Amino acid sequence: MIKNKKAKWIVRILLFTGTAISLFFVPWILVKAWIIPLPATVQEQVDEAIEYGFDGMIVYVGEAGKPSAFYTGGWKNRDNKTPADPNSLFKIASISKLYVAVSITKLAKEKRLSLDETLADYFPELVGRIENAERITLKMMVQHRSGIPNFTDNPAYWENEQENGKIALEFALDLPASFAPDKGYEYSNTNYLLLRKIIDNVLGYGHQQYIKERILIPLNLNNTFFSLNEVNLDDVMSGYYVGYDKDFKANEYGMLATAEDVGIFLRALNDGSVFDEGEQEIYPYVYDHGGLVVGYQSLAEYHEDIDTVVVQFINTTDFNGYEWNLSEIMINRIVKILKKQKNL
């Protein structure tokens with residue numbers, strides 16, 4: 000407790016100054032998006048979001064006991080002035096980690112691998128090239144608690160990202176660990192790059208086939224794919240980066256899906272129907288996720304209190320992260336609208 004009046008005023012001045020400095024560096028567009036009154040409907044919120052500079056947006060709402068609802072704004076292709084289509088394929092980026100985590104769980108239950116085995120057990124050649132390889136377990140990798148450096152944090156990776164993606168692991172080798180195994184958390188795409196390779200090796204065939212057979216087909220997810228090579232490019236939503244005229248639609252970034260397919264999968268993950276007996280108990284990862292690649296950002300959330308899945312696709316990204324922050328504000332506002340409609 001501060002008893003000296005002069006000291007109290009000094010503390011107040013410092014606190015005010017610190018707050019003022021913090022506010023100075025917060026983009027006011029984010030403040031505005033956060034504090035303005037909520038509109039009455041999700042569609043109005045999507046329309047409002049487009050006014051902040053997003054090129055296009057798709058929102059899927061899967062409320063228990065009701066038909067799926069879709070909301071769109073802006074463009075599927077801004078050059079052709081093609082309106083956003085709720086059935087467009089979208090590059091879901093890191094949302095794909097959920098499918099990998101479920102696959103790892105299923106293989107562990109089948110005793111085809113163990114969550115307690117180490118990276119060195121599967122790739123002994125990485126001992127000495129990935130620090131602590133002999134102590135990093137598969138479970139730690141699934142949970143981003145391995146300390147393995149993130150290859151996308153290596154500046155050299157981005158010098159030719161599309162080509163370097165074919166040798167991505169090289170950009171995480173021979174680097175110091177971010178922390179000792181299980182002694183911290185750091186989101187690392189390298190973890191899931193290695194997990195996919197482990198699945199391939201355990202199966203003797205591609206993890207894509209396993210995901211299709213064990214997840215996509217049972218859930219009737221007919222609009223989820225693993226590569227642009229499997230789809231008609233015209234069915235893919237265009238992707239844009241602030242400050243560039245280029246459409247990044249033709250860039251290969253892995254899995255694509257419709258918002259509805261992601262929503263169905265996310266509900267199955269959260270209600271446990273994606274799992275067979277005994278699998279959900281050992282599932283080691285999260286139940287919501289986001290995704291971000293050049294031109295594409297996505298958020299997929301389940302809200303238990305309203306028993307509703309919300310999937311948000313936005314085809315605009317930027318370097319400084321403002322667009323991502325805006326997208327998080329938008330989905331939070333959409334959820335608030337849904338809760339308000341339920342009088343929660």
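Going by numbering that gives the first Met the number 0, the final residue of the sequence shown carries number 343, and the count climbs one at a time with no gaps. Ideal placement from N, C-alpha and C gives every residue a C-beta, glycine not left out. Computed from a prediction, not measured in an experiment: that's the story for all the values here.
Judged by DSSP in its simplified three-state form, E62 adopts strand. In terms of Cβ geometry, E300 and V309 form a close pair [threshold 7 Å]. Residue state for M139 is assigned as helix, using DSSP reduced to three classes. Q207 is bridged by DSSP to nothing; it lacks a bridge partner. Nearest C-alpha to V60 among E278, I263 and G271: I263.
With respect to the 7 Å criterion, L298 and Q311 are classified as neighbours on the basis of their beta carbons. Beyond the five residues adjoining it in sequence on each side, K248 comes within less than 7 Å, by CB distance, of L232, V235, S237 and G238 in the same chain, given in chain order. Distance from the Cα of I330 is smallest, within the candidate group M56, I28 and I103, for M56. Judged by beta-carbon spacing, A176 lies within the 7 Å limit of G146, meaning their Cβ atoms are closer than that value. Bounds of any beta strand (DSSP E) do not take in F318, whose DSSP letter is neither H nor E. In this structure, DSSP gives A83 a state outside helix and strand, which the three-state scheme calls coil.
Here K90 is not near T81, since their CB atoms are 7 Å or more apart. In this structure, N131 is the residue among N159, N131 and A68 with its C-alpha nearest to the C-alpha of K182. The three-state reading of DSSP puts Y70 in strand, counting E and B together.
Y98: member of the alpha helix (DSSP H) spanning S95 to K108, first to last residue. Setting aside the 5 residues that flank it on each side, P85 is surrounded in the same chain by I57, F69 and T71, each with a C-beta closer than 6 Å to its C-beta; the list follows chain order. For the pair Y204 and K245, the Cα-to-Cα distance works out to about 36 Å.
Three or more beta-carbon pairs separated by less than 8 Å link the stretch 94 to 107 to the stretch 209 to 216, which places the two stretches in contact. The criterion of a C-beta distance shorter than 7 Å is not satisfied by H143 and S113.
Only buried fits V273, as 16 or more other CB atoms lie within 10 angstroms of its CB. Taking C-beta atoms as the reference points, L255 and F224 count as a pair closer than 7 Å. Taken through DSSP and simplified to helix, strand or coil, L168 comes out as helix.
In its chain, beyond the 5 residues on either side, I57, Y59, V310 and F312 have a beta carbon closer than 6 Å to the beta carbon of A258.
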